[in-house]
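Number of protein chains: 2
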Amino acid sequence: MGVGIGMPGFIDFQKGINYTFLEIKDQTIIEYLTEEIKLPVYIDNDSSLIALAELRFGSVHHKKNVMVINIGWGVGLGLILNGELFRGHNGFAGEFSHIPIFDNNKLCECGKTGCLETETSLLVLIEKAAAGLKEGRLSSLPSNFPSDYYEQDYEAIIAAALKGDQFVVELFSESGYNIGRGIAILIHLLNPELIVLSGRGAAAGKIWEAPIQNAINKHCIPRLSSNTKIKVSTLGHDAELIGASVLVMENIEKNNTVIKNKTV
Amino acid sequence: MGVGIGMPGFIDFQKGINYTFLEIKDQTIIEYLTEEIKLPVYIDNDSSLIALAELRFGSVHHKKNVMVINIGWGVGLGLILNGELFRGHNGFAGEFSHIPIFDNNKLCECGKTGCLETETSLLVLIEKAAAGLKEGRLSSLPSNFPSDYYEQDYEAIIAAALKGDQFVVELFSESGYNIGRGIAILIHLLNPELIVLSGRGAAAGKIWEAPIQNAINKHCIPRLSSNTKIKVSTLGHDAELIGASVLVMENIEKNNTVIKNKTV
Numbered sequence: 001m002g003v004g005i006g007m008p009g010f011i012d013f014q015k016g017i018n019y020t021f022l023e024i025k026d027q028t029i030i031e032y033l034t035e036e037i038k039l040p041v042y043i044d045n046d047s048s049l050i051a052l053a054e055l056r057f058g059s060v061h062h063k064k065n066v067m068v069i070n071i072g073w074g075v076g077l078g079l080i081l082n083g084e085l086f087r088g089h090n091g092f093a094g095e096f097s098h099i100p101i102f103d104n105n106k107l108c109e110c111g112k113t114g115c116l117e118t119e120t121s122l123l124v125l126i127e128k129a130a131a132g133l134k135e136g137r138l139s140s141l142p143s144n145f146p147s148d149y150y151e152q153d154y155e156a157i158i159a160a161a162l163k164g165d166q167f168v169v170e171l172f173s174e175s176g177y178n179i180g181r182g183i184a185i186l187i188h189l190l191n192p193e194l195i196v197l198s199g200r201g202a203a204a205g206k207i208w209e210a211p212i213q214n215a216i217n218k219h220c221i222p223r224l225s226s227n228t229k230i231k232v233s234t235l236g237h238d239a240e241l242i243g244a245s246v247l248v249m250e251n252i253e254k255n256n257t258v259i260k261n262k263t264v
Numbered sequence: 265m266g267v268g269i270g271m272p273g274f275i276d277f278q279k280g281i282n283y284t285f286l287e288i289k290d291q292t293i294i295e296y297l298t299e300e301i302k303l304p305v306y307i308d309n310d311s312s313l314i315a316l317a318e319l320r321f322g323s324v325h326h327k328k329n330v331m332v333i334n335i336g337w338g339v340g341l342g343l344i345l346n347g348e349l350f351r352g353h354n355g356f357a358g359e360f361s362h363i364p365i366f367d368n369n370k371l372c373e374c375g376k377t378g379c380l381e382t383e384t385s386l387l388v389l390i391e392k393a394a395a396g397l398k399e400g401r402l403s404s405l406p407s408n409f410p411s412d413y414y415e416q417d418y419e420a421i422i423a424a425a426l427k428g429d430q431f432v433v434e435l436f437s438e439s440g441y442n443i444g445r446g447i448a449i450l451i452h453l454l455n456p457e458l459i460v461l462s463g464r465g466a467a468a469g470k471i472w473e474a475p476i477q478n479a480i481n482k483h484c485i486p487r488l489s490s491n492t493k494i495k496v497s498t499l500g501h502d503a504e505l506i507g508a509s510v511l512v513m514e515n516i517e518k519n520n521t522v523i524k525n526k527t528v
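So the sequences go chain by chain: A and B. The opening residue of the first sequence carries number 1 in my numbering; numbering runs sequentially from there. The opening residue of the second sequence carries number 265 in my numbering; numbering runs sequentially from there.
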């Protein structure tokens with residue numbers, strides 16, 4: 001029926017443009033693919049799609065104001081406000097990964113320093129694990145860690161975390177606490193009823209909850225934070241795929257309604 | 265026709281309760297006043313009302329996604345999202361004043377440390393001015409500064425700023441830069457088309473713009489921030505009053521519609 005694409009980057013969903021990745025001359029990625037595939041094509045930010053999946057089929061179902069955190073190679077955010085996906089003025093809302101909250105002198109890939117992701121993304125977790133092993137920290141991580149493959153390293157740290165490896169659990173706690181500092185800001189600004197931890201990092205499960213709650217306890221006014229629940233998503237890896245298909249279905253439906261109305 | 269109240273504090277607009285100020289036994293403030301005045305009474309957070317005033321009669325007119333900053337004794341925020349005032353799950357959204365972004369070991373009145381307002385509110389500005397004068401900084405501030413009256417001190421620093429007093433301009437720049445650091449977070453999260461500086465602090469006028477823009481230039485990704493304009497409100501001191509009357513009119517209208525529909 002159609003093609004839905006989830007990608008990282010600054011994406012204008014209306015215009016079908018990803019300003020960050022894949023430059024195609026004179027055509028948007030949507031125009032190019034529609035021409036080649038002869039099917040309607042839609043694109044949106046990966047974190048927005050994960051939020052859309054949670055909204056229609058996951059933890060957000062029937063809820064109004066929810067923040068969906070996409071723990072992945074960055075730390076994205078999909079905002080559900082008044083029961084709908086909120087995209088902002090240009091479709092760029094939810095740049096949680098780059099809110100400047102650390103004074104850590106670590107250069108982020110965006111060019112700034114101190115962004116949330118410089119202490120919290122799964123990439124940083126893998127880097128910290130590698131550095132710790134080099135310094136002689138004991139861990140059940142495999143001997144070929146870090147490999148040259150992020151995907152393989154990601155699976156290794158998740159497996160170690162689920163087994164309760166102390167060193168890796170420590171890293172997840174630290175990262176979770178720092179994500180929690182960011183979430184404290186979200187709670188103050190947007191007073192959500194629920195925070196959902198989703199994206200590939202959610203595979204580590206409940207291990208995220210305590211350190212995040214810890215940070216909220218320290219950095220939030222209780223009157224506010226007592227109204228917000230924290231939950232780890234159960235959609236797992238599929239969230240983005242489900243979101244991409246929701247994107248297609250909702251837009252095809254909208255277009256059909258427009259066509260029907262025109263016919264009438 | 266009715267009474268509209270703007271107050272600081274955690275306010276549930278639906279229930280008519282201010283959880284922070286004025287405890288009235290067994291009755292909400294709304295119930296108490298309605299009984300005494302025999303008119304419909306509505307209450308909302310001061311920053312939300314200022315945003316409502318800007319939305320109906322000020323800089324936000326016909327705009328969709330705008331953050332209205334209430335520079336006052338704290339630094340509040342009214343969020344206009346999708347063309348409407350956004351209040352969050354319990355009506356507590358917009359607690360900009362207490363987002364934790366400084367590592368300054370300054371205790372905030374909320375009980376936490378490092379909140380935005382600990383470096384940026386007009387109260388802090390007055391305190392910093394007083395401390396500077398004590399240390400011998402030259403300034404045209406009146407000899408009785410600080411007086412025992414915040415309102416008088418507020419007028420003194422605004423007058424000095426408008427006259428270009430170097431010491432006071434320096435204080436406004438510092439405060440503006442720090443507000444700008446908070447605004448950088450808002451821009452990343454919500455991708456607004458406009459930031460309006462309102463509330464009593466807006467009386468200092470354009471003096472806010474450069475330091476805020478400076479902070480945005482340093483702390484925001486240009487692709488995002490280039491879509492957001494900064495503007496000082498012209499509603500001035502009246503914003504909150506206008507907002508309170510908008511609150512009354514919109515709710516009386518809603519109630520009348522409900523009554524009409526019932527009659528039909």
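Ideal placement from N, C-alpha and C gives every residue a C-beta, glycine not left out.
Could you list which residues in chain A have their beta carbon closer than 8 Å to that of residue i, in chain order?
i, result
"Val-440 of chain B", "Note that residue 440 of chain B is Gly in the sequence shown here, rather than Val. The premise fails here: Gly-440 of chain B is roughly 17 Å from chain A at the closest Cβ pair, so nothing lies under 8 Å."
"His-362 of chain B", "His-188, Ile-221"
For the alpha helix (DSSP H) holding residue i, just list the boundary residues, first then last.
i, result
"Lys-134 of chain A", "122-134"
"Ile-29 of chain A", "29-37"
"Leu-499 of chain B", "Note, Leu-499 of chain B: premise wrong, no alpha helix (DSSP H); not H, not E."
"Leu-224 of chain A", "222-225"
The beta strand (DSSP E) spanning residue i covers which residue range?
i, result
"Leu-107 of chain A", "No beta strand (DSSP E) holds Leu-107 of chain A; DSSP gives it neither H nor E."
"Asp-308 of chain B", "305-309"
"Glu-348 of chain B", "348-350"
"Val-324 of chain B", "No beta strand (DSSP E) contains Val-324 of chain B, which DSSP labels as neither H nor E."
"Ile-269 of chain B", "267-271"
"Gly-340 of chain B", "339-345"
"Ile-335 of chain B", "330-335"
Using a cut-off of 8 Å between C-beta atoms, extract the partners of residue i located in chain B.
i, result
"Gly-88 of chain A", "Asn-329, Leu-454, Asn-455, Pro-456"
"Asn-227 of chain A", "His-353, Asn-354, Phe-356"
"Ala-202 of chain A", "Result: empty, since nearest Cβ-Cβ is about 21 Å, beyond 8 Å."
"Ala-51 of chain A", "The contacting residues do not exist; Ala-51 of chain A stays about 13 Å from chain B at best."
Mind listing the chain A neighbours of residue i? Cutoff is C-beta to C-beta under 7 Å, in chain order.
i, result
"Phe-274 of chain B", "Arg-223"
"Ile-365 of chain B", "Ile-101"
"Ala-448 of chain B", "Pro-100"
Could you name the residues of chain B that residue i contacts, counting a contact when the two beta carbons are closer than 9 Å?
i, result
"Lys-112 of chain A", "Lys-482, His-483, Cys-484, Ile-485"
"Asn-104 of chain A", "Neighbours of Asn-104 of chain A on chain B: none; closest Cβ ~11 Å, over 9 Å."
Beta carbon of residue i, beta carbon of residue j: below 7 Å?
i, j, result
"Phe-583 of chain B", "Phe-356 of chain B", "The structure shown does not extend to residue 583 of chain B, since chain B is modelled only from 265 through 528, so no value can be given for it."
"Tyr-42 of chain A", "Asn-251 of chain A", "yes"
"Leu-349 of chain B", "Ala-315 of chain B", "yes"
"Val-248 of chain A", "Gly-78 of chain A", "no"
"Ile-451 of chain B", "Thr-498 of chain B", "no"
"Lys-218 of chain A", "Ser-59 of chain A", "no"
"Pro-406 of chain B", "Asp-417 of chain B", "no"
"Gly-176 of chain A", "Ile-212 of chain A", "yes"
"Phe-431 of chain B", "Ser-403 of chain B", "yes"
"Gly-352 of chain B", "Leu-313 of chain B", "no"
"Glu-480 of chain B", "Gly-444 of chain B", "As written in the sequence, residue 480 of chain B is Ile, which differs from the Glu given in the question. Contact flag set, yes."
"Trp-335 of chain A", "Leu-194 of chain A", "Because chain A is modelled from 1 through 264, residue 335 of chain A falls outside the range shown and cannot be assessed."
"Asp-44 of chain A", "Glu-240 of chain A", "no"
"Gly-336 of chain B", "Arg-487 of chain B", "no"
"Thr-292 of chain B", "Ile-281 of chain B", "yes"
"Leu-435 of chain B", "Leu-389 of chain B", "yes"
Residue i touches chain A at which residues, Cβ-Cβ below 9 Å?
i, result
"Glu-381 of chain B", "Those within 9 Å of Glu-381 of chain B in chain A number zero; the least Cβ separation is about 11 Å."
"Glu-373 of chain B", "Under the 9 Å cutoff, chain A gives no residues; its nearest Cβ is about 11 Å from Glu-373 of chain B."
Chain B partners of residue i, CB-CB under 7 Å?
i, result
"Leu-81 of chain A", "Leu-345, Phe-350"
"Tyr-19 of chain A", "Arg-487"
"Glu-23 of chain A", "None at all; the shortest Cβ gap to chain B is about 14 Å."
"Glu-250 of chain A", "By Cβ distance, chain B contributes nothing, its closest Cβ being about 17 Å from Glu-250 of chain A, past 7 Å."
Contact criterion: CB-CB distance below 7 Å. Does residue i meet it with respect to chain C?
i, result
"Glu-415 of chain B", "The question asks about chain C, but that chain is absent: this structure's protein chains are A and B."
(request) May I have a chain-ordered list of the alpha helix (DSSP H) segments no shorter than 4 residues that lie completely inside the segment 400-475 of chain B? (result) 414-427, 430-454
(request) For the segment 419-429 of chain B and the segment 59-69 of chain A, state whether three or more C-beta atom pairs, one from each stretch, are separated by less than 8 Å. (result) no
(message) Using 8 Å as the cut-off, can you tell me whether the segment 345-361 of chain B makes contact with the segment 377-387 of chain B, which would need three or more C-beta pairs spanning the two stretches below that distance?
(response) yes
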